[in-house]
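Residues in the sequence shown are numbered from 46 upward in steps of one, following our numbering.
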Amino acid sequence: MKELQHLNKYFLKYKSHLIIGSIITVVARIFLLFTPRYVKEIFVTIERYADNLITKEAFKAELTTAILYIIGAAVIAGILTFFMRQTIINVSRYIEYDLKNEIYAHYQKLSSNFYKKNRTGDLMNRISEDVGRVRMYAGPALMYSINTITLFTIVLIYMFSAAPKLALFTIAPLPILSVVIYRLSRKIHKRSTTVQQYLSKLSTYTQESFSGISVIKAYGIEPLTAVNFKQLSATSKEKQIHLAKVQALFFPMMILLIGASNLLVIYIGGMQYINGEIESLGTIAEFIIYVNMLTWPVATVGWVTSIVQQAEASQKRINEFLKIEPEIKNMVANPTEITGDIAFNNVSFTYDDTNIQALKNVSFTIKAGETLAILGKTGSGKSTILDLVGRLYDVDAGSITINGTEINKLNLTDLRNSIGYVPQDAFLFSDSIKNNIKFGKEDATDADVIKAAKNAQVHNNIIKFNNGYDTVLGERGITLSGGQKQRISIARAIIKSPKILLFDDCLSAVDTETEEQILKNLNTLSKGKTTIIVSHRVSSAKNADKIIVLEKGQIVQQGNHDTLLAAKGYYKNLYLKQKSETAHK
């Protein structure tokens, strides 16, 4: 139960609902127990009438009264049980809502390294399947536990007050039940954990298969992926069956023990009646009803135990992520003004997951309103610079300052709100084109959206779609071409008019003519804004105020277009190569 202690804060939050639900439960059980008492009274009345101790009219009156009490108590108990379920089960839904929000909010805080080390399917499974199992603990398991404890307490008091010896024999099988539950619950806990792990693997595999379905079809490997899924699914099924076999032992065991209790009531009670130790057969009838009333609560002991064990296994998986401290933390609570002066001072950075040193002693400065272009071969560290400016990672050595203040001493929210970022791999959401552009500025008007799209040279493409800006995109924008996705990403970045613009090779999928027009528009839009452009094309970099060339994480050249052309090196060679390629087209 240690892992489930995480939920205590939610139980305290909704304690008023739980207290009311518990009171209703107790009252409902009390009314339910009118039935066996009045059944006994009916038997006593019948015996008195058979012995000519009461008249026929009195017999009918007493019988009618008892039946009406039984019906009335059953109706009231039913109504109260309804409200009990509505009160306590609703709490479980509130807790499910709060827990999902807590997990999602924590996911948002975790760094990029976390997402590199963990698969999407597993993350989704913990916030859906695992939370669902925890909800069963916070609702049905809690409700039936209160119900069972209340019913057991009241029934046992009634039983021992009516016939102590008979009550003792009736509950004799219960210690055996406790031992069985303890042993089975340990097995359920272990197997539940394994089942959840395989559910995560299944979710991950299917999510990756659906995301990469175009690649799977292009390579014609549908049969292979189907075989792999079948094997993974078969293993998951086997683990589920192992769990189900243990769970299946509960109900037969309950029925056996309840049956044994019924036999004991009839035999012992019958012998006591013959010996005159109990006065009426109504006591035996009353005890049989008590035993059968305990059948479901006793059965739920096993069911609830199973739910608790599964919930603990799921909450443990949830807690594993909730206990992870975000690597990137907002160290400043007060608002911070961002102007755009950026300086890298002997910055070095190594990726934890690959142990590759992306940057080594990199130093440069950009004044507010200037444009910096970064060129270099693949893997030279270009994108890493943009990630560090957005503080997606923290440096290993050296420092980055903005406005003359170290970046980790700036308010993280203000920093990122002041940045318009276009990633190398343009990511679009399964939403309308309009909303994808407005993602950068939620309060943007339709005119703002169209203006941004025009500056990104994608407006003419959008208006040709059947629904224009209201066209809903497929997952990750799969319905668009690479160039269209890049240009919509550019529109999303520039619509917010940020202080800092970061473009990570975002024009690689557009033709030269479109690139020139976009760059022309960006030159106008970026006035007064600090802009960093990562590119493989000299055409994207030539108008920048400063240009740096990276190789193996180090700056090997820097200057402007003219000074770099005058010197031998990577930039001049790239310029001549691309100029030659353009001339031959």
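Note that the Cβ used here is the ideal one computed from N, Cα and C, for glycine as well.
Hey, how far is the Cα of serine 393 from the Cα of valine 349?
Translated into the one-based positions of the sequence shown, residue 393 becomes position 348. Translated into the one-based positions of the sequence shown, residue 349 becomes position 304. Between serine 393 and valine 349, the C-alpha separation is close to 55 Å.
Do the CB positions of asparagine 390 and threonine 446 come within less than 8 Å of each other?
Working through the sequence shown from its first residue, we reach residue 390 at position 345. Working through the sequence shown from its first residue, we reach residue 446 at position 401. Their beta carbons are under 8 Å apart, which means asparagine 390 touches threonine 446 by this criterion.
With which residues is glutamine 599 paired in a DSSP beta bridge?
The count along the sequence shown starts at 1 and reaches residue 599 at position 554. The partner list for glutamine 599 (beta bridge, DSSP) reads Glu596.
With a Cβ-Cβ cutoff of 8 Å, do isoleucine 411 and glycine 435 count as a contact?
Position 366 of the sequence shown, counting from 1, holds the residue named residue 411. Position 390 of the sequence shown, counting from 1, holds the residue named residue 435. Against a cut-off of 8 Å, the Cβ pair of glycine 435 and isoleucine 411 comes out as no contact.
Just to confirm the assignment, what range does the alpha helix (DSSP H) spanning alanine 119 have?
Sequence index remark: in the sequence shown, residue 119 carries index 74 (1-based). Its alpha helix (DSSP H) spans residues 101 to 154.
Short of 7 Å in beta carbon distance, which residues of its chain neighbour aspartate 470, apart from the five on each side in sequence? Order them along the chain.
Translated into positions along the sequence shown, residue 470 becomes position 425. For aspartate 470, where only same-chain residues beyond five positions count, there are no Cβ hits under 7 Å.
Please report the distance separating the alpha-carbon of isoleucine 539 from that of leucine 460.
Position 494 of the sequence shown holds residue 539. Position 415 of the sequence shown holds residue 460. Rounded to the nearest angstrom, the two C-alpha atoms are 16 Å apart.
Judging by CA-CA distance, which residue of Ile329, Asp493 and Tyr114 is the nearest neighbour of threonine 80?
Counting from 1 along the sequence shown, the entry for residue 80 is found at position 35. Ranking Ile329, Asp493 and Tyr114 by Cα distance to threonine 80 puts Tyr114 first.
Do valine 136 and leucine 63 have their C-beta atoms within less than 8 Å of each other?
Here residue 136 corresponds to residue number 91 of the sequence shown, with the count starting at 1. Here residue 63 corresponds to residue number 18 of the sequence shown, with the count starting at 1. Going by C-beta atoms, valine 136 is nearer than 8 Å to leucine 63.
Just confirm the distance between the C-beta atoms of alanine 176 and leucine 155, as a whole number of angstroms; I'd bet it's less than 8 Å.
Working through the sequence shown from its first residue, we reach residue 176 at position 131. Working through the sequence shown from its first residue, we reach residue 155 at position 110. Alanine is not the amino acid found at residue 176; the sequence shown has valine there. The pair is not a contact, with the Cβ atoms about 17 Å apart (cut-off 8 Å).
Give a yes or no on whether the C-beta atoms belonging to valine 442 and alanine 497 are separated by under 8 Å.
By one-based count along the sequence shown, residue 442 stands at place 397. By one-based count along the sequence shown, residue 497 stands at place 452. According to the sequence shown, residue 442 is alanine rather than valine. Not in contact: alanine 442 and alanine 497 (Cβ atoms no closer than 8 Å).
Taking buried to mean at least 16 other C-beta atoms within 10 Å of its own C-beta, is asparagine 481 buried or exposed?
Numbered from its first residue, the sequence shown carries residue 481 at position 436. So asparagine 481 ends up on the buried side.
If you drop the 5 nearest sequence neighbours on each side, which residues of the same chain put their C-beta closer than 8 Å to that of tyrosine 55?
Taking the sequence shown and counting its residues from 1, one reaches residue 55 at position 10. So the list reads Tyr139, Ile140, Asp143, Leu144 and Ala183, once near-sequence residues are dropped.
CA nearest to the CA of isoleucine 286, picked from Ile303, Thr110, Lys422 and Ser237:
Start at 1 with the first residue of the sequence shown, and residue 286 comes out as number 241. Here the closest residue by C-alpha is Ser237.
Flag this pair as touching only if the stretch 575 to 592 and the stretch 413 to 421 have three or more C-beta atom pairs under 8 Å; answer yes or no.
yes
Is DSSP giving lysine 591 helix, strand or coil here?
Working through the sequence shown from its first residue, we reach residue 591 at position 546. DSSP places lysine 591 in strand when its eight states are reduced to three.
Considering only the beta carbon of each residue, do tyrosine 514 and isoleucine 478 sit closer than 8 Å?
As a first step, residue 514 is located in the sequence shown; it is residue number 469 there, counting from the start. As a first step, residue 478 is located in the sequence shown; it is residue number 433 there, counting from the start. For tyrosine 514 and isoleucine 478, yes; Cβs fall inside 8 Å.
Bridge-paired residues (DSSP) for glutamate 451:
Residue numbering aside, residue 451 sits at position 406 when the sequence shown is read from its first letter. According to DSSP, which records beta bridges pairwise, glutamate 451 is partnered with Thr446.
Please list, in chain order, all residues of the same chain as leucine 437 whose beta carbon is under 8 Å from its beta carbon, the five residues on each side excluded.
As a first step, residue 437 is located in the sequence shown; it is residue number 392 there, counting from the start. Ser156, Ser157 and Ile373, listed in sequence order.
Just curious, the beta strand (DSSP E) that glycine 184 is in, first and last residue?
Position 139 of the sequence shown, counting from 1, holds the residue named residue 184. First-last for glycine 184: undefined, no H or E at that position.
If I follow the unbroken beta strand (DSSP E) through lysine 405, where does it start and stop?
As a first step, residue 405 must be located in the sequence shown, where it is residue number 360. It spans 402 to 411 - the beta strand (DSSP E) in which lysine 405 sits, taken as one unbroken run.
Which runs of the beta strand (DSSP E) fall wholly inside the stretch 439 to 519 and span at least 3 residues, in chain order?
442 to 447 and 464 to 467
Are there 16 or more other CB atoms within 10 angstroms of the CB of lysine 282, so buried, or fewer, so exposed?
Within the sequence shown, residue 282 is the residue found at index 237, counting from 1. With fewer than 16 other Cβ atoms within 10 Å, it is exposed.
What first and last residue would you give for the beta strand (DSSP E) that runs through leucine 417?
Position 372 of the sequence shown holds residue 417. Per DSSP, leucine 417 belongs to the beta strand (DSSP E) from 416 to 421.
With three or more C-beta pairs closer than 8 Å as the rule, is the stretch 202 to 221 touching the stretch 253 to 270?
no
So what does DSSP say about isoleucine 323, is it helix, strand or coil?
Residue 323 sits at position 278 when you count from the first residue of the sequence shown. It is coil, neither helix nor strand.
Just mark methionine 188 as buried or exposed, buried being the case when its beta carbon has 16 or more other beta carbons within 10 Å.
For this step, residue 188 is matched to residue 143 along the sequence shown. Classification of methionine 188: buried, given that the 10 Å Cβ count is 16 or more.
Just the C-alpha distance for isoleucine 65 and tyrosine 149, rounded to the nearest angstrom, thanks.
Here residue 65 is taken as the residue at index 20 of the sequence shown, counted from 1. Here residue 149 is taken as the residue at index 104 of the sequence shown, counted from 1. The straight-line gap from Cα to Cα measures roughly 31 Å.
Tell me whether the stretch 363 to 377 and the stretch 156 to 170 touch, counting them as touching only if at least three CB pairs, one residue from each stretch, are closer than 8 Å.
yes
Where lysine 613 and leucine 621 are concerned, what is the direct C-alpha to C-alpha distance, given to the nearest angstrom?
Numbered from 1 along the sequence shown, position 568 holds the residue referred to as residue 613. Numbered from 1 along the sequence shown, position 576 holds the residue referred to as residue 621. If I take the Cα positions, the gap works out to 11 Å.
Mark proline 342 as exposed unless 16 or more other C-beta atoms lie within 10 angstroms of its C-beta, in which case mark it buried.
The sequence position of residue 342 within the sequence shown is 297, counting from 1. Buried is the call here.
Cross-strand partners of isoleucine 577 (DSSP beta bridge):
Locating residue 577 in the sequence shown gives position 532, where the first residue counts as 1. Beta-bridge pairing links isoleucine 577 to Leu417 and Leu547.
Which same chain residues, not among the five before or five after glutamate 86, have their C-beta less than 8 Å away from its C-beta?
Locating residue 86 in the sequence shown gives position 41, counting from the first residue. Cβ within range, chain order: Glu107, Ala111 and Gly327.
Hey, out of Phe76, Leu610, Ile600 and Arg82, whose CA is closest to isoleucine 334's CA?
Here residue 334 is taken as the residue at index 289 of the sequence shown, counted from 1. Looking at the Cα atoms, Arg82 is the closest of the given residues.
Euclidean distance between Cα positions of threonine 249 and aspartate 167
For the purposes of this step, residue 249 is taken as residue 204 along the sequence shown, with counting starting at 1. For the purposes of this step, residue 167 is taken as residue 122 along the sequence shown, with counting starting at 1. Between threonine 249 and aspartate 167, the C-alpha separation is close to 6 Å.
Just to confirm, is the Cβ distance from leucine 570 to serine 585 under 8 Å?
Start at 1 with the first residue of the sequence shown, and residue 570 comes out as number 525. Start at 1 with the first residue of the sequence shown, and residue 585 comes out as number 540. Cβ distance not < 8 Å, so leucine 570 and serine 585 don't count as in contact.
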